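Worksheet for the structure shown next.
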Amino acid sequence: MSSADEAVPVIATKPQVRMQLPRDWRSQTGMAIVLIFGATVMLVPFFWMIATSLSRKANSSMPRVPTLWPADPSLFNYWVATANLPIVKLYINSLFIVGTTTLGYLLFSSIAGYAFAKGRFPGKTFLFIVFLATLFIPFETRMIPLYLFVRDLHLNNTYWALILPFLAGGFGTFLMRQTISTIPDDLIDAARIDGASEFRIFWSIVLPLCKPTLATLAIINVIWRWNDVLWPLLVTSSRDLYTVTQGLALAGKSSGVYVGVALATAVMAILPVIVAYLFLQRYVIRSVVSSGVKG
Amino acid sequence: MRPLARNLLLLSTTALAASALGAIVPAAAQDKKPVTVLTIGYPDEDTTDAVTGNTTPGINNLEAAFEAANPTIDLIITNIPWGEGASGYAPKTEAMIQANEACIYEMPGAAGFARRGKLANLDKLIAADANFENVWGAQIETFKIWGPTEKALYYIPNNTGERVIHWDAVLFDHYGVEPLSKNPTLDEVATKAKALTGTDPVTGLQTYGYYYQGKYAVWQFLTLAHAMGANWGEVDAEGKMHINWDTPEYLKALEWFVDMAKYAPSGALGADGMPQGFLSDENVVAIIPEGEQGYFIQPLLANPELQKRFRSSFNFRGADGVGGVATISPMAIAESCEDKETAWTALKWLAGSAEAQKYYFDSNGRLPTSSNGAAALPQIASFPDGDVVLTQPQYAEAPYPWASDAPRWAMQTALEAALAGTLSPADALKQAQAETDAWLAEQAAKS
Amino acid sequence: MHTESGSKPSPVDPDFVRSRLARAFRGTLVWYGFLALPLFLIMVFVAYPTAIAFRDSFFTETPQGPEFAGLYHFGRLFSSGVFWGALGNTILLGVAFLGLTIPLATIFASMLNRLRRGSTPLKVIYFLPQLTSSVAVAIMFNYVFQPDWGLLNGTLRSLGVEQVPLWLSDPRLSLGGSRAAVTLLAVWAGLGYFIIIILAGLQSIPNDLYDAAAIDGASPVQAWWYVTLPSLRPTFVFLLITGSIDALSRFGDLWTLGGPGGAPARSLQSVVMFMFQAGFESNDYSLAAATAVVFFVIVLAITLVAFRGFLRSEFRAIK
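Structure representation (C-alpha cells):
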C-alpha cells in the first residue's frame, strides 16, 4: 500500500484532487460569496437604470417598490430621447474631438519626450522642469482665465476650443521620456551613423518601440477627454458642437422630471463605451495599472 | 501600424484644417440684413413631449415664420438651454454681450445689463419709429427700469409664464374637503393642506397636502412673503439696489413655509420639478402652489379628462392686489448692436406678433404678453379654470432685478437650511442678509 | 565600424572642426525644433492662464480697468464662512471617501488575488463604474437616492426599514444625509480603480515573504496582516496622495446633484464649486482667482509634503 503510493505519487494524487473539494474550499466559497455580492451591488444600479429607461410610465409615476423589469416595457423613452437629442451627431463630435486630441497628445508627448530623453542641448533641464511643473497645476486653477482667454480669441463655439488646450501636457511628456530613456543609445547612434535624420529616428525607430506606452497614454487620454464635461459646457453653446457627455448633462437637466427619458439618454450615452470597454478591458485595466492614472 | 498611424494623422490634420476654415470663413454673404438673436430654452429642433408623445416645434419654426413675415431680414438665432452656473444662460449671455455676438437678447437679467449701459434705450427707438403701434398696452410702463442715468424702456417681454396653485379635485373629494376657492388665502391653504395629509380614505395611499420644488424654493417663498406684506427692497434713483431680507414679514412667511413643508412629500427639498404622479391617476399631492405653465398646459390640452381633476386657482395676492412670481421673458437690444433699426423691427415682431406668440405657446407653453395674443389660444379658455390660467400673468409681481444674481442664491441656500431644519428661520434670514450685503458692497466698490 | 575609424580625419583639420561645429549647431537646433510646438502649447494654454489667475487674485476689475488690490481678495476669501464651509466639506468628503474605500478595496483586492476562478469577470465588473462618466453616474444616483421611490429607499423599505433616510434632501451631517449619499456614490464609482491598483501592488509582493511566514507557522489571516499589509505601504501612500488631490478637485458629480450652490443648504459645495459660483454667478473673478491660487497652494503642499515625507523613501525602497 505505502510502497505503491510512493511509486506513483503523481498519478495517484491527480485524480484525488479532482474528486475531492480543494483543501481551502470553505475560504474560496466564502470569498466568492462576498465578491459576487459586491459585484451585484455594482451592477444593480445599471440594471435598474435600463429597466426604468424601458418604462414609459416612469415619466409620470415611478413604482414605490423598485423593479428590475418594467411592467410596461416599451422603447418609447428611447424614441423620445433620440427625437430630442441628435445622439449620432454627438457621437461623431465626441469621436472627432477625442480622436484629434489623443493623436495630438501622443505626437507632442512623444516628440517632446524624445527630446528630453535623448537630446543634448542647452537648457534641457530647465525646460524639462517647465514641463514637469505643469503637472502640479490643477486644471481648476487655470480654468477661468483659460476660458476668458479662449473667449477673447473668439475660439469659443469652435472645435478649436475643445482641441487646442489639450494637445500637449506634462504627464504625457513625462511618461514618454521615461519610456524612451530605456531605449539603448546604441540603437539610436547606429541609425545616426547610417545618416538617418533625428525625425526619422524618432518616427521609425523610437515610436515603434514605445507602442505599449503609447497605447496606455491613448487609453488614458480617451477616457479623460470622453468624460470631460466642464470645459465643453463652458466653451460651446451650439448643439452642433456638443459632445456625448455634454449632451447628456444638458438633457439630464432639461428632462430631469422625466425619469424614463433621462435614463434612456444616459443608457445611450454610456452603452457604447461599456461595450468597447468589455472588448478592450484587458488593455484598459493594464493601462490604468501601469500609469496609475484614474480614468 | 505605421502607415495606419500616418493616415490617421493626415486625416486628423485635414479635419482640423477643414474645421478651421469653417470657423473662419463665414457662410456665403446674403443681401438680406442679418439680425442675430439669442434665445433661451426653446427646443432646437422639433422634439417629442415625454408624457404625451406629441411633437413640440423647434426654434427653426420661429425663424421660418419670421422670415416669411420679414423677407428683407435674415434672422440668425442662437438658442441656448436654461441651466445654472457655468453652463447656464447667465455666463453665456455675459460672454455674448462682451463679444458682441448678438443684437437681440432674450435676457432674464436685463435689469443688470441695463444698469451697466449694455442695452439700447427702446424709448428712443420708439420715438424714431413712425409706424409704432403699442400692442402691449399700459403695462409697458411697468417694464421701465434704471439704465446708467435714467429710467427708461430697455426691454419688452416677448412672452410670459405663470405660477398658479394647482389642486387635485379627486383627493379633495376623497377627504370630503371643500374645493379650493379661486383666490385662496394662506389660511385656507394651510387648513386644507393639513386636512388632506394622511391616508386617503378611498385608496388607502399616503397623501400629502402641500408641495414645493426645493431647488426653486426661493420663488414660492417670495410669493408667500409678498402675500404677508413683505417687500424685498428697491433700486434707487442712482441704480443702486437695496435688499432687506431680515424683516418681521419675511420671518413670519418663513415660519409659515417651514411649517407647511411638513405636509409635503419628504423628497420635496431635493425636487426640481413636479411631484411624481402629477397629471396621472396616481397623484398623491393635493395642493401644489407651483403650477408652472410649462408643466400642465400641454398635457391638459392633450387629455381633457385631466382638466376636471387637476384644477387651478390664482396665486396668493398681497394687499396691492398682485401676487405670484413674474416670469416674463424680457427681450432687449444690445447697445453695441450696429444696426439697431433692423433689430428694432425684428424685436417688434418677436415680442408682438401673433405668429410669434403662437410659437412660444406651442413650443414651451409660454403665454402671450401682447393684447392680440390671447385670442390665439382659444383652447385654454375652454379649461374649467381657463380665466385663471389666462389672466394670472396680469397679476404677477414686478420682476425682481436680482433674479439671476447672487441675492437669489443667498436666499435659496438659506431657505434650504431653514426647510431642512439646520438653521432657525431667524438665523436663515440673517445669513441671507449678510451674504447679500457683502455682495452688494462688492458691486458698489466695483463701479 | 572599422572603416569609419580608419577614415577618421585628424582632429586638427580645420574643415573637420567647422563641419563638426555646424553639425553640433544643427544637432542642437533639431531638439529645439522638436520642443517648439509642445512648449508653445504649454506656455499658451497652461502657463499663461495660470499666471493670469495669480495676477487676477491681486487686482480688482473696475470699469476703468484693473486696480491693484494687494491681498484684499485673499482677506475676503479667508473671512468668508462660505469658503471655509466649502473647504471643510471637501476635506470631510475626501476623508470619508478614502477612509471607506481604501480598506474596502484592500479586502476585495486580497480576495480577488486569492480567488482561483472567476477573478477576471469580477475585476471587470468592479471597474465598470470607472468607465461611466460622472455625469451619467450622478443622473443615475439622483434617482437611486430619491427618498420616495428611489432604488435605495425602495430596497430598504422592502427589507422592512420603516424610517428611510432622506439622502439628498437632508443637508444634515448624518448617515442618511446628503454627504453620506455622495460618499456612497463615490465609493461605488471609485472602488474599482482602488481594487485594480491594490491588486497590482499585491502581485508585486515576492512569494518568499509568504513562504517565510508559512514556515513561521502564520495562518493566512496572520500572513495577510503581517506580510501583505506592510508590503502594500507604497501602494497606500500612492493612493492616498492621488486620492487626496482628486478629492480636493471634486466637482462634476456634486455639481450635477446639487447645482452650483451645493444644494441642499451648501452641504455639497466643494472648493471648486465655490470658485465656480464666485466666477460665474457672482461675476467676482477676483475672488474666483484668489480661490484658484489657494487651491493651487494646497495641492502643491500635499504633493511636496508627500514627496519629501514618503514618496522618496518609498520609491528608494522599491528600487
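Residue numbers (the working numbering), protein chains in the order written: chain A, 1 to 295; chain B, 1001 to 1447; chain C, 2001 to 2319.
Glycine included, every Cβ here is placed at the ideal spot set by N, Cα and C.
Note that the structure is predicted; figures quoted are calculated from it, not measured.
Interface partners of residue i on chain A, CB under 8 Å
i                : result
K1092 of chain B : S237
Contact with chain A by residue i, beta-carbon distance below 7 Å
i                : result
A1028 of chain B : Any answer about A1028 of chain B is weak, because its pLDDT of 43 lies below 50 and its placement is not dependable; what the coordinates show is given next. Judged by the 7 Å Cβ criterion, A1028 of chain B is not in contact with chain A.
Y2126 of chain C : yes
P1081 of chain B : yes
T1047 of chain B : yes
I1024 of chain B : Summary for I1024 of chain B: the model assigns pLDDT 44, below 50, so the residue's position carries little reliability; its value from the coordinates is reported in the next sentence. Answer no: the Cβ-Cβ gap between I1024 of chain B and chain A never drops below 7 Å.
I2195 of chain C : no
Q1276 of chain B : yes
L2100 of chain C : no
M2140 of chain C : yes
F2274 of chain C : no
S2019 of chain C : no
Which listed residue (the options) has its alpha carbon closest to that of residue i
i                : options                               : result
F2194 of chain C : C:K2123, C:Y2032 and C:L2268          : C:K2123
D1168 of chain B : B:A1102, B:E1162 and B:S1181          : B:S1181
F2083 of chain C : C:L2300, C:A2288 and C:E2061          : C:A2288
T1048 of chain B : A:I220, A:F108, A:N84 and A:Y258      : A:N84
N1134 of chain B : B:A1069, B:L1347 and B:D1272          : B:L1347
A1128 of chain B : B:E1290, B:Y1395, B:Q1412 and B:W1344 : B:W1344
V244 of chain A  : C:P2230, C:L2202 and C:S2134          : C:S2134
V1035 of chain B : B:V1218, B:S1336 and B:D1123          : B:S1336
Segment limits, alpha helix (DSSP H) that includes residue i
i                : result
V289 of chain A  : V259 to S291
L1251 of chain B : P1248 to M1260
N93 of chain A   : I87 to K118
R1408 of chain B : A1406 to A1420
Y1155 of chain B : It is not in any alpha helix (DSSP H) - Y1155 of chain B instead sits in the beta strand (DSSP E) that spans Y1155 to T1160.
P2147 of chain C : P2147 of chain C -> no alpha helix (DSSP H), and no H or E assigned at all.
V2237 of chain C : R2233 to L2248
Minimum Cβ-Cβ distance from residue i to chain B less than 7 Å
i                : result
G2027 of chain C : no
P2165 of chain C : no
G2160 of chain C : no
F2068 of chain C : no
A83 of chain A   : yes
G2176 of chain C : no
V80 of chain A   : yes
Endpoints, beta strand (DSSP E) assigned at residue i
i                : result
D1168 of chain B : R1163 to D1168
L1038 of chain B : K1033 to I1040
I1287 of chain B : I1287 to E1292
Short Cβ contact (7 Å threshold) for residue i with residue j
i                : j                : result
E2281 of chain C : P2260 of chain C : yes
F1383 of chain B : Q1433 of chain B : no
G1117 of chain B : P1091 of chain B : no
T348 of chain A  : L263 of chain A  : With chain A running from 1 to 295 in the structure shown, residue 348 of chain A is simply not present.
S986 of chain B  : I1165 of chain B : Beyond the ends of chain B as shown, which are 1001 and 1447, falls residue 986 of chain B; an answer cannot be given.
Chain C residues whose Cβ lies nearer than 7 Å to that of residue i
i               : result
L146 of chain A : F2045 and P2049
Neighbour flag for residue i against chain C, beta carbons, 7 Å
i                : result
L1269 of chain B : yes
P272 of chain A  : no
A266 of chain A  : yes
M31 of chain A   : yes
T1207 of chain B : no
Any C-beta of chain F under 7 Å from that of residue i
i                : result
K1446 of chain B : Absent from the structure: chain F. Protein chains present are A, B and C.
Interface partners of residue i on chain A, CB under 9 Å
i                : result
F2108 of chain C : V34, L35 and G38
V2135 of chain C : N227, V229, T245, Q246, L248, A249, G252, A266 and A269
Under 8 Å by beta carbon: chain B residues contacting residue i
i                : result
T2303 of chain C : Those do not exist, as T2303 of chain C stays about 26 Å from chain B at its closest Cβ, beyond 8 Å.
Beta-carbon neighbours of residue i, restricted to chain B and to distances below 7 Å
i              : result
S61 of chain A : Q1276, G1277, S1280 and E1282
Under 7 Å from the C-beta of residue i: neighbouring residues of chain A
i                : result
D1044 of chain B : R239
F2296 of chain C : I137, P138 and T141
Closer than 8 Å at the beta carbon, the chain C residues around residue i
i               : result
T173 of chain A : P2038
Beta-carbon neighbours of residue i, restricted to chain C and to distances below 9 Å
i               : result
Q28 of chain A  : R2114, L2115, R2116 and R2117
G260 of chain A : What G260 of chain A touches in chain C: nothing, since even the nearest Cβ is about 10 Å away.
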